[in-house]
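*Asks:* For the sequence shown, my numbering assigns the number -5 to the initial residue and increments by one for each residue that follows.
Glycine is no exception: its CB is placed at the ideal position from the N, C-alpha and C atoms.
Just so you know, these numbers come straight off a predicted model, no measurement behind them.
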Amino acid sequence: MPIQYYIYFSLALFSIGIIGVLTRRNAIIVFMCIELMLNAVNLLLVAFSKMHHGAALLNNATATTGVEGQLFVFFIMVVAAAEVSVGLAIIVMMYRNTHSVDINFLNRLKN
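#1: Along the chain, which unbroken stretches of the alpha helix (DSSP H) at least 4 residues long are found entirely within the segment -3 to 42?
#2: When you compare the segment 16 to 26 with the segment 85 to 93, are there three or more beta-carbon pairs, one atom per stretch, that lie closer than 8 angstroms?
#3: Apart from the five residues just before and just after Phe42, which ones in its own chain have a Cβ nearer than 7 angstroms to its Cβ?
#4: Distance check for Val67 and Gly14, CA to CA, integer angstroms please.
#5: Cβ of Leu30 within 8 angstroms of Cβ of Gly11?
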């Protein structure tokens, strides 16, 4: 499959995530859109890693070049899992205190 398909699909996912973050007020939806943007970047990293690894295999059959992108994706997924647990805990505590997950309501918490 050509790399352009991965790029277009990742661009579409990232654009949906950006639009969701900029237009929504619900904290859970915004959080899901941020995760969607992270997954779009992960998809690009894996696609470029696969492309780079395939090109390296043509020159050397035992090359391990191009595996670094997949390792980065693994670490990004670990950090994203930690982010989800902390972020959802913050959203739950916000809901318990304010009975709302509206982001605009957070400005009132400053006082």
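*Replies:* In brief:
#1: -3 to 17
#2: yes
#3: To locate residue 42, count along the sequence shown from 1; it is residue 48. Annotation for Phe42: Gly63 place their beta carbon closer than 7 angstroms to its own, counting only its chain and skipping 5 residues before and after.
#4: Taking the sequence shown and counting its residues from 1, one reaches residue 14 at position 20. Taking the sequence shown and counting its residues from 1, one reaches residue 67 at position 73. For Gly14 and Val67, the distance between alpha carbons rounds to 23 angstroms.
#5: What you label residue 30 is simply residue 36 of the sequence shown in a count that begins at 1. What you label residue 11 is simply residue 17 of the sequence shown in a count that begins at 1. Yes; because the gap between Cβ atoms is below 8 angstroms, this pair is in contact.
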